[in-house]
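**Student:** Dropping the structure in here first, questions after.
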Amino acid sequence: MATTKANKHTPLYEFHRTHGKMVEFAGYDMPIWYTSTIEEHMAVRNRAGIFDVSHMGRVDVTGPDAARFVESLFPTGIAKQPNGKSVYTLLLNEDAGIVDDLIVLKVEEGKYLIVVNAATKEKDLRHMERVGAGLNFKVDDITEATTMIAVQGPSAVEALQPLTPLPLADMKRFTHAFSTVKGIKSVITRTGYTGEDGFEIIVHDAASGAMAVWEALMEGATPCALGARDSLRLEAGLPLYGSDMDEATNPLEADLGWVVSKDKISYVGWESLSSLMQKGPARVRRGIVMDERIPRHGFKVTDRAGEEIGVVTSGTYSPVLKRGIAMGYVKTPSPQLGDTVMVVVRDAPSNGKIAKFPVYDDSMYGWKRRPHQQL
Amino acid sequence: MSNPSPYQVPDGLYYTKEHEWARVTGGTARVGITDYAAKTLNDIVYLTLPPVGKEVKQLGSFGTVESIKAVSELYAPLSGTVVGTNQELTNHPELINQSPYDSGWIIELKHSMLEEEKKSLLSPRQYEELVKSLDAEHQS
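If you're matching them up, the sequences are chains R and F in order. Going by numbering that gives the first Met the number 0, the first residue of the first sequence is number 0, and it counts up by one from there. Going by numbering that gives the first Met the number 0, the first residue of the second sequence is number 0, and it counts up by one from there.
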């Protein structure tokens with residue numbers, strides 16, 4: 000049914016197939032859950048979870064013009080960042096439409112490591128080739144030679160530290176370092192897609208060594224699959240490329256204007272973005288917490304009078320709030336935080352409120368939580 | 000998910016191809032979804048149930064069940080009138096995952112055409128075969 004022989008497998012596929020419920024995702028056979036999405040979700044919020052994110056694209060960009068290349072590619076100033084920074088940014092087209100969202104690791108002056116979405120990797124590579132034409136650098140796709148695992152949650156340091164000599168507690172969020180994990184050369188970046196503290200590790204092994212790392216991590220963390228990854232990122236308010244944004248979405252609408260370096264010019268999309276900034280967005284990405292029922296992708300959003308004002312782009316059940324939550328777009332001037340809106344759930348308008356992200360209390364959950372507040 | 004079949008298919012029930020079951024006791028029948036359906040949906044978090052008194056037709060939709068990821072229709076194994084719904088599920092939809100054939104029952108029907116309609120429902124053996132074939136398809 001969902002699985003076909005053409006799908007790719009990550010180095011941890013045998014574990015997933017044996018222990019998880021499999022689905023097709025971005026051309027890969029991936030687990031949707033191992034035991035229960037809610038259990039896996041709460042393991043990450045309360046302790047630590049591990050995710051196989053090897054399907055995500057990883058490319059090395061190196062060469063004398065690598066810095067000039069990333070400067071012309073991204074709306075965020077990356078080349079000026081100190082070595083060891085990990086930066087969330089966007090790829091834009093000439094119209095300032097979002098081609099992808101990604102993390103760029105500035106390794107050093109002439110060396111960058113870019114982590115992109117699985118479904119957009121080939122498109123991104125073509126985009127980079129066009130933008131970089133005439134510059135002296137090379138792009139190496141290291142996706143299939145490496146394994147990428149996310150270790151997320153308040154106990155992420157404790158789960159990963161036994162496997163690496165790198166002093167993890169000293170690392171700042173959105174930085175990275177080269178070290179080893181279980182003796183294998185690895186990049187460790189203090190980033191993630193759950194709202195929690197944690198790490199993403201790129202292990203330079205795509206075979207038994209990777210499996211040994213996964214099994215060792217299981218000593219201190221719960222295996223988590225795509226279902227929990229989606230509900231965690233939605234509670235945290237992190238958009239999913241392809242659902243919450245695409246090339247018809249600009250960074251201002253997506254509420255990602257903060258990635259744009261105001262002092263930066265002459266990157267792809269800059270001119271369109273400058274004129275958009277003067278006009279302001281016509282719609283904006285917002286969160287909704289429902290009184291009851293569960294919103295889903297494509298459901299209409301109306302005001303209390305029933306007039307259509309937007310659409311849900313992602314919806315799920317929040318295991319922390321025990322309610323339906325959504326992100327979506329509402330036209331501007333948008334309703335204020337706390338305002339009541341309606342989501343039309345299969346013909347039945349249902350009440351919700353415009354909410355800030357993350358939707359959970361960030362003194363109790365997430366990376367900002369008070370220390371030692373583990374539940 | 001390992002072999003042999005990890006799904007319960009109790010005797011004495013009628014099953015639909017859509018993964019509902021009916022347990023007939025005299026003039027009424029309790030209806031729910033099967034262990035296979037509950038495990039395939041994973042965490043069940045929300046239900047919409049019909050009002051008592053509603054008439055349902057065999058294999059007509061009588062409500063929905065939602066997991067974190069998806070919404071599924073619920074189909075009536077038998078025609079009849081809804082005489083009760085499981086109120087426990089309002090606050091504890093996870094009862095369907097924990098006990099799909101007992102405390103996770105969904106509605107109670109006063110059936111109207113049992114003798115005729117039961118012929119088109121699956122026996123436990125037939126339903127078990129169906130689930131095995133679906134599972135095999137998914138593993139291949």
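From the three backbone atoms N, C-alpha and C, an ideal C-beta is built for every residue, glycine too. Source: prediction; values computed, not measured.
Let me check understanding here. Comparing Cα to Cα, which of F:T39, F:I32, F:K131 lies closest to S60 (chain F)?
**Tutor:** In this structure, F:I32 is the residue among F:T39, F:I32, F:K131 with its C-alpha nearest to the C-alpha of S60 (chain F).
**Student:** Using a Cβ-Cβ cut-off of less than 9 angstroms, list which residues of the stretch 23-51 of chain F approach chain R; keep chain order.
**Tutor:** K38, T39, N41, D42, V44, Y45, T47
**Student:** Closest to E252 (chain R) by C-alpha separation, out of R:A227, R:S242, R:A281, would be which residue?
**Tutor:** Of the candidates R:A227, R:S242, R:A281, the one whose C-alpha sits nearest the C-alpha of E252 (chain R) is R:A281.
**Student:** I'd like the list of long-range same chain contacts for D290 (chain R), defined as Cβ closer than 6 angstroms, with 5 residues on each side in sequence excluded.
**Tutor:** N350
**Student:** Distance cutoff 8 angstroms, beta carbons only. Does G327 (chain R) sit that close to anything in chain F?
**Tutor:** no
**Student:** Who are the near neighbours of P74 (chain R) in its chain, counting only those whose CB is closer than 8 angstroms to its CB and skipping five residues on each side?
**Tutor:** T88, L89, L91, P250, V258, V259, S260, K263, Y266, G268, W269, L272
**Student:** Output needed for D34 (chain F): all residues of its chain with C-beta closer than 8 angstroms, excluding positions within five of it in sequence on either side, in chain order.
**Tutor:** Y6, Q7, V8, P99, Y100
**Student:** How do the stretch 314-323 of chain R and the stretch 71-79 of chain F stand: do at least 3 beta-carbon pairs fall below 8 angstroms, yes or no?
**Tutor:** Not touching, per the Cβ criterion.
**Student:** Nearest by alpha-carbon distance to S394 (chain R): which of F:G25, F:V44, F:L12, F:Y126 is it?
**Tutor:** There is simply no residue 394 (chain R) to check, as chain R begins at 0 and stops at 374 in what is shown.
**Student:** Going by DSSP, what residues sit across from V289 (chain R) in a beta bridge?
**Tutor:** Note that residue 289 (chain R) is Met in the sequence shown, not Val. In DSSP, M289 (chain R) forms a bridge with R:G351.
**Student:** Could you please tell me which residues of the stretch 207-239 of chain R, in chain order, have their CB closer than 7 angstroms to any CB of chain F?
**Tutor:** G226, S230
**Student:** On the CB-based measure, 16 or more other CB atoms within 10 Å of its CB, does Q277 (chain R) come out buried or exposed?
**Tutor:** With fewer than 16 other Cβ atoms within 10 Å, it is exposed.
**Student:** What residues in its chain sit with their C-beta under 7 angstroms from that of I386 (chain R), if we drop five residues either side in the sequence?
**Tutor:** Within the shown structure, residues of chain R are numbered from 0 to 374, placing residue 386 (chain R) beyond reach of any answer.
**Student:** Going along the stretch 49-74 of chain F in order, which residues come within less than 9 angstroms of chain R, judged by CB to CB distance?
**Tutor:** Within the stretch 49-74 of chain F, the qualifying residues are T63, E65, S66, I67, K68, A69, V70.
**Student:** Report the three-state DSSP secondary structure of V23 (chain F) (helix, strand or coil).
**Tutor:** strand
**Student:** Compile a chain-ordered list of the residues in the stretch 291-312 of chain R whose CB is closer than 9 angstroms to at least one CB of chain F.
**Tutor:** E291, R292, I293, R295
**Student:** Can you list, in chain order, the residues of the stretch 354-372 of chain R whose Cβ is nearer than 8 angstroms to any Cβ on chain F?
**Tutor:** none
**Student:** Buried or exposed: S185 (chain R), going by 16 or more other Cβ atoms within 10 Å of its Cβ?
**Tutor:** buried
**Student:** Please state the DSSP three-state secondary structure of R282 (chain R).
**Tutor:** strand
**Student:** Assign M21 (chain R) to one of three DSSP states: helix, strand, or coil.
**Tutor:** If DSSP states are grouped into helix, strand and coil, M21 (chain R) belongs with the strands.
**Student:** Out of R:R129, R:I308, R:T331, R:K355, which has the shortest C-alpha to C-alpha gap to G337 (chain R)?
**Tutor:** Taking only the C-alpha atoms, the option nearest G337 (chain R) is R:K355.
**Student:** Check the Cβ of S35 (chain R) against every Cβ in chain F and list those closer than 7 angstroms, keeping chain order.
**Tutor:** N41, D42
**Student:** Per DSSP, what are the beta-bridge partners of V342 (chain R) in this structure?
**Tutor:** R:V300, R:S349
**Student:** Rounded to a whole number of angstroms, what is the C-alpha to C-alpha distance between A42 (chain R) and G152 (chain R)?
**Tutor:** 8 angstroms
**Student:** For E307 (chain R), tell me which candidate among R:Y328, R:P164, R:D51 has the shortest Cα-Cα distance.
**Tutor:** R:Y328
**Student:** Kindly list the residues whose CB is nearer than 6 angstroms to the CB of T47 (chain F), restricted to its own chain and excluding five residues on each side of it in sequence; keep chain order.
**Tutor:** The beta carbon of T47 (chain F) is closer than 6 angstroms to those of G62, T63 in its chain, skipping five residues each way along the sequence.
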